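In full-length UniProt numbering, the protein residues as written are 1 to 964.
Even glycine gets a Cβ: it sits at the ideal position worked out from N, Cα and C.
Bear in mind the structure is a predicted one, so any value in this text is a computation, not a measurement.
Just below is one structure, and these are the notes that go with it.
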C-alpha cells in the first residue's frame with residue numbers, strides 16, 4: 001500500500017531510525033518565529049510522511065481510479081489487438097501470474113517459457129549471479145550500442161517521414177494562426193446548434209414596469225419630500241464627479257443611515273436632474289445651443305477622475321498616511337506624500353492645507369518647503385519661499401526655487417545676489433547667477449566666484465573664456481595652482497594657445513600636463529584623455545587633439561598589444577566622427593611600425609574613405625618608400641592617379657613599382673589594364689607579350705586571350721588560347737573562354753568539345769559544368785543537359801550551384817513538380833545553402849512563401865542571398881519600407897554581391913526618389929561589387945568590357961523583371 005497522500009510534512013518522529021531534525025535554537029526562534037526548522041531541508045533517509053501520526057497504510061478510491069467495466073477501452077489508443085479492453089488486460093495479467101508447466105510450453109533449448117523458479121525464494125547467490133549476468137549483458141550491449149542507436153535513429157526518422165505526426169502535418173497552418181486578428185477569430189462560425197426551434201429562439205419575457213405606488217405601499221415608513229434641494233442636486237451623489245451619479249458609493253437618495261428607499265425622491269430627483277441638464281444645453285426660445293464649448297470641455301475633464309487607483313485604495317492610503325503623520329509628526333516625507341495624494345485625487349486645497357501644516361511641524365525640512373512652494377499659486381508661493389528662507393538661510397535649492405518663481409529678470413538677479421550674500425560657496429548658485437548676466441558683468445562676477453569657490457574647474461574655465469588672451473593665460477595659471485589635479489585646465493590652456501596661433505606651445509603644455517598630473521598622484525586614464533581629444537577634434541582644435549593623442553596613446557599598453565589596440569582606437573574614433581584623432585593615431589602607429597604593411601594599408605583605406613585625394617597620395621608615397629615590396633600600396637597609388645585622370649603619373653608609379661617588384665604578375669596586369677582602359681591597345685599588347693615571355697602565368701595568358709577577344713581578333717585569341725592550354729591545361733577559365741569563343745562563332749560542336757576536354761582536366765570546375773549544360777539546353781537537348789548535371793552532382797557532391805541549375809532547368813522546361821522534388825532533395829543534401837533557400841522561397845505558391853522565408857532565415861540567418869530573397873518578398877507584397885530595410889541589410893552584410901545592388905537599384909527606380917536612386921548608385925560604385933549571377937553575366941560580357949560599375953548597375957537593373 002502506498003502512503004497517504006495527505007502526509008506532506010508531518011513533524012512527528014522520523015521513521016527507520018533516521019537522525020532526528022535539529023531543533024531551532026532559541027536565538028533563531030526569537031529572530032524568526034514563523035520559520036519552521038525543517039523547511040527547505042531535504043528529508044532524512046527512510047522518512048515516510050505522516051508515519052508519526054499513524055496516517056499510513058490505507059488506499060482510497062482516488063489512488064486507484066474509478067471502477068471500470070470489462071468492456072471499457074483502455075487508455076492506450078494504440079494498444080495492439082487482444083489488449084484493447086480492460087477485460088483483455090486483466091486476463092493477460094492473470095495468465096502471466098499462473099505458470100504454464102504444460103509440455104507444449106517446453107522447449108529443449110530454452111526450457112519452459114516462464115521461469116520455473118519465479119515462485120521460489122530469492123537468495124544472496126541468486127543476486128550475485130544476476131549481477132554478473134547483468135554486467136555481461138551491459139558489456140555486450142555497449143559493444144553494439146552506437147551501431148544500434150544509429151540504426152534505431154534512422155528507423156525512427158524514416159518512420160516519421162513516412163507517417164508524420166498530425167501535429168507536424170498542420171505545422172505550417174499553425175504558424176499562420178499567429179497572424180489571425182481578434183476580429184477574424186471572433187467571426188469564426190460556431191458549431192451547429194442541435195436544439196429545436198423553440199429552444200433556440202426563446203420568446204423574450206414581457207416585463208411590465210411596476211408603478212411607484214406599489215413600492216410606496218409596501219414600505220413600512222417613508223418621509224415624503226416633494227422637492228429636491230438644488231444644493232443637494234449639486235453636491236450629493238446625484239451629480240458627483242463620477243459619470244452616472246447613481247452608481248456612486250452613497251448616492252443622494254440612498255444614504256446608508258436611513259434604512260428605507262423613497263421612490264418618490266428618486267423620481268423627483270431624476271426629473272430635476274433632467275431639467276437642469278436640458279436648461280444647460282439649450283434655451284427655451286429658439287432651441288439654439290448656449291453651451292460654452294471651452295467651459296464644457298473643462299467641465300468634462302473635471303468629471304473624469306484624474307487618478308488611476310481605485311477609491312478604496314485611496315481611502316486606505318489616506319488612512320495610512322494619517323496614522324504616519326500622527327505617530328511621527330516631524331517626519332517630512334509623510335506630509336509630502338499626503339499632499340501629493342490629495343493633489344492626484346484633485347483636492348488641491350486640501351493638499352495645500354496639509355503641506356502648510358507640514359511646514360509648521362518640520363520647519364527645517366527643505367523638501368517640505370519646496371513642495372509647499374510648488375503647490376501654492378504665484379504670490380502665495382513667493383510668501384512661502386520667503387518664510388522658508390527665514391528658517392533655512394543656507395539652503396541653495398530654496399534660493400533657486402525663489403529665483404524661478406520670479407518672472408522679471410531683474411527680480412531674479414536680485415534674488416540670486418541676495419542668495420550669494422548668504423551662501424557664497426555654492427557653485428550652482430554662481431553658475432545660475434552668471435548665466436543671467438551680460439558678458440562684461442559675468443566676467444566681474446566670475447572673478448569673484450573663483451575667489452569664493454577656488455576648487456570649481458567650471459568657474460575657472462568660464463572665466464578664462466571671457467577674458468582676453470593674456471588675462472586668460474593668467475587665469476588658467478591661477479586655476480592650475482588652485483586645482484593641480486584637473487586635466488581640463490591644461491587642455492583648455494593648450495586650446496587657448498592653438499587658437500592664438502602658438503601651435504609649438506601646444507605639445508609642450510600637454511607634455512607638462514602629464515608630468516605635473518603624475519607628480520600630483522593623478523592616474524592618467526587613457527580612455528578619458530582620448531575622449532577629451534575627440535571633443536577637441538569636434539571643437540576644431542586639431543593641434544591640441546593630435547598632441548593629446550601622441551602623449552597618451554602609448555600609456556598603459558604592453559608592447560605586443562600596441563598595434564592591435566591602436567587600430568581599435570582608430571576605428572573607435574572614426575565611428576565617433578573624430579577623424580583628426582584617428583589620423584593622429586595612424587600617424588603615431590606608422591612612426592612606431594614603419595615597415596608594417598597592414599598599418600599602412602589601414603591608414604590608406606582611412607584616407608581613401610575620409611581624406612582627400614592629395615592626403616591619400618602623400619600617404620601612399622611614404623608607404624611605398626617604407627614597404628617597397630607591398631604591391632597593393634603601389635597599385636592603390638597608381639589607381640588614385642588614374643581615377644584623377646593623370647595617366648602619365650600612374651604609368652610612372654607602376655614603372656617604379658616594377659623596379660621594386662620585378663616580374664610581379666599584379667603589376668604587369670595593372671599596367672595592361674591602365675593602357676587598355678585608356679584605349680592604348682598596342683601598348684597593352686606589347687606589355688602582355690613581354691609579360692608572357694618574362695613572367696608567364698595562367699592569368700597573364702588569360703588576360704592576353706581576353707584582350708584579343710574583346711578587340712574582335714578571334715583568330716589571334718584562339719591561337720593564344722591553344723598556346724596557353726599547352727602550358728596550363730588545368731586552368732578552367734582558359735577552357736571556358738575557348739568554349740565561349742566557339743559558341744560566339746556558332747561552332748556548337750567545337751564549343752562542346754572544348755567544354756568536355758576542360759571537364760576531363762578540371763572536373764571540379766562548377767562553371768564548366770554549367771556552361772556545357774546550358775549549351776545543350778540551348779540547342780534543345782534537355783535530356784543531355786539533365787544527364788550532364790547529374791554527372792556533375794556525382795563528381796561534386798553537396799554542391800549547391802549544380803543543384804540550383806538542375807532545379808532551374810526543370811522549371812524552365814515547365815516541369816514544376818520535378819523542380820520542387822529536386823529542390824527538396826537539394827535542401828536535404830545542402831541544408832545551409834543560401835542560394836538554394838532563396839530559390840526555394842520563390843518556387844512556393846504565394847501564400848506559402850512567407851513560411852518558407854522564415855525557415856530559410858532560421859537555417860541561413862546571415863546569408864546575403866536569403867536576405868535578398870526576403871527583401872524581394874516584401875517588395876512583391878508592396879511593403880516598401882520593410883523591403884528597403886532588408887535591401888540595406890543585404891548590401892551591408894555583403895557589399896560584393898552585385899545582384900543585391902541591382903535589385904536594390906531597380907526597387908528604388910520604382911518606389912524611391914531621385915536622391916535615393918543616386919545614393920544607391922553611388923554606394924554601389926564605392927563598393928565595386930565583383931560577384932553575383934546576374935552581375936557577372938553583364939560585367940563579363942564581351943560587349944560591356946569598357947563599362948564602369950555605374951553603367952553595369954543600370955544595365956543589370958534594366959534586365960531584371962518583377963516576375964516574383
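What did DSSP end up calling residue i once you bin it into helix, strand or coil?
{"i": "residue 73", "result": "strand"}
{"i": "residue 45", "result": "coil"}
{"i": "residue 146", "result": "helix"}
{"i": "residue 316", "result": "helix"}
{"i": "residue 181", "result": "coil"}
{"i": "residue 192", "result": "coil"}
{"i": "residue 348", "result": "helix"}
{"i": "residue 279", "result": "helix"}
{"i": "residue 537", "result": "helix"}
{"i": "residue 821", "result": "helix"}
{"i": "residue 740", "result": "helix"}
{"i": "residue 271", "result": "helix"}
{"i": "residue 680", "result": "coil"}
{"i": "residue 593", "result": "coil"}
{"i": "residue 781", "result": "coil"}
{"i": "residue 946", "result": "coil"}
{"i": "residue 201", "result": "coil"}
{"i": "residue 630", "result": "coil"}
{"i": "residue 703", "result": "helix"}
{"i": "residue 955", "result": "helix"}
{"i": "residue 389", "result": "helix"}
{"i": "residue 362", "result": "coil"}
{"i": "residue 1024", "result": "Any property of residue 1024 remains undetermined from this structure, which presents the chain solely from 1 to 964."}
{"i": "residue 800", "result": "helix"}
May I ask you to list the residues that DSSP assigns as paired with residue i?
{"i": "residue 85", "result": "73"}
{"i": "residue 586", "result": "Answer by DSSP bridge pairing: none, since residue 586 is not bridged."}
{"i": "residue 605", "result": "Answer by DSSP bridge pairing: none, since residue 605 is not bridged."}
{"i": "residue 931", "result": "897"}
For residue i, I'd like the list of residues in its chain whose CB is within less than 8 Å of its CB, leaving aside the five on either flank, ordered along the chain.
{"i": "residue 343", "result": "351 and 375"}
{"i": "residue 565", "result": "557"}
{"i": "residue 967", "result": "Outside the modelled stretch of the chain, which goes from 1 to 964, sits residue 967, for which no answer is possible."}
{"i": "residue 917", "result": "905, 908 and 909"}
Grab me the residues of residue i's own chain with a C-beta within less than 7 Å of its C-beta, minus the 5 sequence neighbours each way, in chain order.
{"i": "residue 951", "result": "none"}
{"i": "residue 866", "result": "834, 837, 838, 856, 857 and 860"}
{"i": "residue 514", "result": "524 and 551"}
{"i": "residue 962", "result": "none"}
{"i": "residue 745", "result": "714"}
{"i": "residue 397", "result": "366 and 370"}
Our contact map puts residue i next to residue j with C-beta atoms below 8 Å; I'd like the distance itself, whole angstroms only.
{"i": "residue 823", "j": "residue 840", "result": "5 Å"}
{"i": "residue 809", "j": "residue 777", "result": "6 Å"}
{"i": "residue 75", "j": "residue 848", "result": "Between residue 848 and residue 75 the Cβ distance is about 38 Å, and since that is not below 8 Å, they are no contact."}
{"i": "residue 369", "j": "residue 386", "result": "Actually they are not in contact, since the Cβ atoms of residue 369 and residue 386 sit about 11 Å apart, beyond 8 Å."}
{"i": "residue 707", "j": "residue 688", "result": "7 Å"}
{"i": "residue 647", "j": "residue 678", "result": "6 Å"}
{"i": "residue 544", "j": "residue 495", "result": "5 Å"}
{"i": "residue 754", "j": "residue 773", "result": "Contact doesn't hold; Cβ gap of about 14 Å is too wide."}
{"i": "residue 800", "j": "residue 768", "result": "About 17 Å; that fails the 8 Å criterion."}
With a threshold of 6 Å on Cβ separation, who are the neighbours of residue i within its own chain once the five nearest residues in sequence on each side are excluded?
{"i": "residue 955", "result": "938"}
{"i": "residue 868", "result": "890 and 900"}
{"i": "residue 760", "result": "none"}
{"i": "residue 589", "result": "566 and 599"}
Confirm the yes/no value for this check: CB of residue i, any heavy atom of the ligand MG, distance under 8 Å.
{"i": "residue 631", "result": "In the structure shown, the ligand MG is absent, as is every other ligand, since no ligand is present at all."}
**Request:** May I have a chain-ordered list of the alpha helix (DSSP H) segments no shorter than 4 residues that lie completely inside the stretch 853 to 889?
**Result:** 864 to 876
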